[in-house]
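As structure tokens, the structure follows; a few thoughts come after it.
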Amino acid sequence: MTESVLRLDHFNFFIGENQILNDINLKFQRKKVTAIMGPSGCGKTSMIRCINRMNEWVKNARVEGEILFYGKNLFQMDPILLRRKIGMVFQRPNPFPTMSIFENVIAGYLLNGIKLSKTDKERIVEDSLRKAALWDEVKDGIHRKGTFLSGGQQQRLCIARALAMNPRLLLLDEPTSALDPKATSHIEELIIELKKTVTIVLVTHNIAQASRVSDFTAFLYLGELVEYGETTKMFTVPEDKRTEEYLTGKFG
Amino acid sequence: MSLKTIKNTQQKERLFQSLLSASGVIILVLVIGVFITLLIQSMPAIIAHKFDFFSHTTWDPVSGQYGGLSFLVGTLLTAFLALLISIPFSLSIAIVLGEYLTEGWIALILKTAIDLLAGIPSVIYGFWGLFVLAPWIRNLEIKLGVLPYGVGILTASLILALMIIPYAASLGREVIRLVPAELKEASLSLGATRYETVRKIILPYAKSGISAGFLLSLGRALSETMAVTMVIGNSNLLPTSIFSLGNTMASVLANEFSEANGSIYISSLLEIGLLLFVVTTIISLIGRRIIKKMSVHQ
Ligand SMILES: Nc1ncnc2c1ncn2[C@@H]1O[C@H](COP(=O)(O)OP(=O)(O)OP(=O)(O)O)[C@@H](O)[C@H]1O
Ligand SMILES: [Mg+2]
């Protein structure tokens with residue numbers, strides 16, 4: 001039995017009058033990849049942005065219910081400390097253009113004003129870039145600007161930046177939607193490798209991708225959790241008709 | 253698209269481009285024209301006193317001495333001092349209005365107030381400086397035990413600082429607003445606070461634009477005439493401290509041009525004008541180079 005790192009408990013999310021997420025109950029298993037799927041606008045991004053409390057800057061945003069992170073209600077935790085434990089990779093690669101590749105990787109430390117010795121810095125940078133499968137490609141130009149990299153390399157740099165903080169949970173919001181097939185397969189291999197050490201939530205539109213890398217899948221539709229289960233099972237015998245329609249390409 | 257409409261669009265495009273080039277040429281011609289006029293008119297003075305103009309601080313038209321150094325120093329001193337004083341204010345206004353208070357009526361009022369500040373005629377600033385600020389400075393000078401003129405370099409710099417804040421603040425606000433939201437989010441998602449995000453992501457990203465605002469402010473301070481003339485004390489001696497009286501190149505022109513007699517006198521004043529023109533151009537060129545170096549997109 002694997003333990004749950006994160007649990008949404010009767011979770012509702014509103015922006016103004018609109019209910020974006022409706023009574024979500026969902027557990028994320030430790031060191032597993034959970035895919036979140038569903039048609040555009042169903043609330044996938046909103047959900048993961050609630051998990052690291054990035055929605056707090058959205059005007060008129062409001063939550064009801066609980067999200068438990070290692071058993072503790074994360075809305076009662078310090079958001080700054082919480083975000084250091086939860087890494088996030090965005091839909092579009094967003095390395096810091098003012099920083100070199102090296103600085104981008106340790107950006108979390110630089111931003112938080114955490115002092116590191118030179119050897120620690122070098123170790124963290126190399127480790128994170130190796131984990132993100134980018135080290136060999138950039139090791140000779142590590143002090144160049146991160147924005148000189150290709151889109152796929154930039155996205156892996158962003159993954160390295162998130163990994164450098166040693167997160168316990170990694171939120172990936174369609175990390176390959178802007179990438180070509182080669183870069184995509186790179187990142188998919190990376191996700192499979194990473195789940196040895198970290199719990200991953202992967203938002204994706206790509207059904208093949210979900211079946212390749214995820215252990216569990218949650219299917220959202222119009223802000224509701226329609227179905228949740230083991231990916232292999234859900235993809236072969238979906239219980240809900242809407243899931244089946246989505247998987248066979250009827251909508252989405 | 254039919255061939256005809258394509259042709260039509262191409263024609264419009266060409267017309268537009270020639271209009272653009274024409275306005276560019278006109279501006280260039282004007283600037284060069286001003287420069288040449290100043291150069292020709294100040295020739296007699298340049299021939300008459302050679303390099304005395306730069307090495308000499310005595311400006312005494314009655315006895316025929318035309319040293320312009322005090323004015324050059326006065327201009328540079330007041331302008332840079334004003335810039336230095338204004339930076340903390342314009343920068344914080346830019347940050348507050350660009351990042352923290354981007355909407356709502358308070359933001360609107362603040363923004364409008366800043367823009368209005370730029371629209372106040374400089375003679376009003378001069379009066380305010382003379383009747384409100386100068387007495388304060390006089391009190392300060394009495395406390396410090398220096399000669400209590402009230403007016404002088406410091407008073408002029410303070411007035412200038414106030415006048416130039418809106419330029420850097422408005423431009424700074426715009427460039428800070430243009431920092432991509434995804435960079436701010438990336439920073440916040442790494443556990444940075446809002447303040448850390450401003451300091452380490454937003455400001456570095458926007459710094460070339462912010463500096464462009466400072467350059468705009470500096471240019472304004474270098475050439476401001478009326479307000480400075482009213483509060484600087486109009487002394488032709490080289491300023492020895494920030495409490496000294498002084499004169500800038502612009503203020504001496506404003507003060508003396510109407511009463512100048514004698515061709516060398518007028519020509520020497522025009523030489524000051526030429527110098528002001530050259531100094532502002534050089535500073536603006538250097539500033540542009542610095543800004544270009546800072547730009548994130550190169
Ligand atoms: N800042 C916001 N203000 C108002 N409504 C918003 C905001 N952000 C998202 N929404 C709404 O919330 C709903 C869910 O959006 P969300 O971005 O979570 O969808 P998604 O499932 O990630 O879609 P996609 O697959 O297209 O990325 C949408 O109806 C959207 O209009
Ligand atoms: Mg989304």
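First to last, the protein sequences are chains A and B.
Sequential numbering of the first sequence, starting at 1, is according to our numbering.
Sequential numbering of the second sequence, starting at 253, is according to our numbering.
The C-beta atom is built at its ideal place from N, Cα and C for all residues, glycine as well.
Just so it is clear, the structure is predicted and the values come from calculations on it, not from any experiment.
In chain B, no part has a C-beta under 7 Å from the C-beta of Arg-168 (chain A); the shortest such distance is about 13 Å. Shown here, Phe-216 (chain A) sits in a strand according to DSSP, grouped into three states. In the three-state reduction of the DSSP assignment, Val-201 (chain A) falls in the strand class.
Each of A:Ile-159, A:Asn-206, A:Thr-204 was checked against the Cα of Val-89 (chain A), and the nearest Cα belongs to A:Ile-159. Membership of His-186 (chain A) in any beta strand (DSSP E) is not indicated; the residue belongs instead to the alpha helix (DSSP H) covering 181-194. Inter-segment contact for the stretch 158-173 of chain A and the stretch 85-104 of chain A is present: three or more beta-carbon pairs are separated by less than 8 Å. Within 10 angstroms of the beta-carbon of Gln-76 (chain A) lie fewer than 16 other beta-carbons, which makes it exposed. Among the CB atoms of chain A, one or more fall inside 7 Å of the CB of Pro-456 (chain B). In the three-state reduction of the DSSP assignment, Val-226 (chain A) falls in the strand class. When the beta-carbon positions are compared, Gly-381 (chain B) and Val-483 (chain B) come within less than 7 Å of each other. Nearest to Cys-42 (chain A) by C-alpha distance, out of A:Lys-31, A:Gly-229, A:Pro-238, A:Leu-21, is A:Leu-21. For Asp-173 (chain A), the enclosing beta strand (DSSP E) begins and ends at 169-173. Listed in chain order, the non-local C-beta contacts of Tyr-109 (chain A) below 7 Å within the same chain comprise Leu-116, local neighbours out to five positions each way being set aside. The nearest non-hydrogen atom of ligand 2 is less than 6 Å from the C-beta of Thr-45 (chain A). By the CB criterion at 7 Å, Leu-368 (chain B) and Ala-359 (chain B) fall outside the cutoff. Here Leu-68 (chain A) is bridged, per DSSP, to A:Arg-7, A:Asn-73.
Relative to the Cα of Val-33 (chain A), the nearest Cα in the group A:Gly-151, A:Gly-223, A:Glu-188 belongs to A:Glu-188. The same chain holds no residue with a CB closer than 6 Å to that of Ile-288 (chain B) once the five nearest residues on each side in sequence are set aside.
Here Leu-335 (chain B) is buried, its C-beta having at least 16 other C-beta atoms within 10 Å. For Val-398 (chain B), the closest Cβ of chain A is not nearer than 7 Å.
For Leu-410 (chain B) and Val-480 (chain B), the gap between their C-alpha atoms comes out near 10 Å. With a threshold of 6 Å, the Cβ atom of Cys-42 (chain A) counts as near ligand 1, since some heavy atom of the ligand is closer than that. Between Gly-319 (chain B) and Ile-405 (chain B), the C-beta spacing is not below 7 Å.
Contact between the stretch 195-204 of chain A and the stretch 165-177 of chain A is present, with at least three C-beta pairs closer than 8 Å. At a Cβ-Cβ threshold of 7 Å, Ile-416 (chain B) and Ala-473 (chain B) count as neighbours. Relative to ligand 1, Val-89 (chain A) has its C-beta separated by 6 Å or more from all heavy atoms. Nearest in C-alpha terms to Ile-376 (chain B), of all of B:Tyr-419, B:Thr-364, B:Leu-414, is B:Leu-414.
Counting only Cβ-Cβ distances below 9 Å, Glu-476 (chain B) has no contacts in chain A at all, with the closest Cβ about 34 Å away. Between the stretch 46-55 of chain A and the stretch 229-242 of chain A, the count of Cβ pairs shorter than 8 Å is below three; the stretches do not touch. For Met-165 (chain A), the neighbours in chain B by C-beta distance under 8 Å run, in chain order, Leu-442, Gly-443.
Shown here, Met-165 (chain A) sits in coil according to DSSP, grouped into three states, outside any helix or strand.
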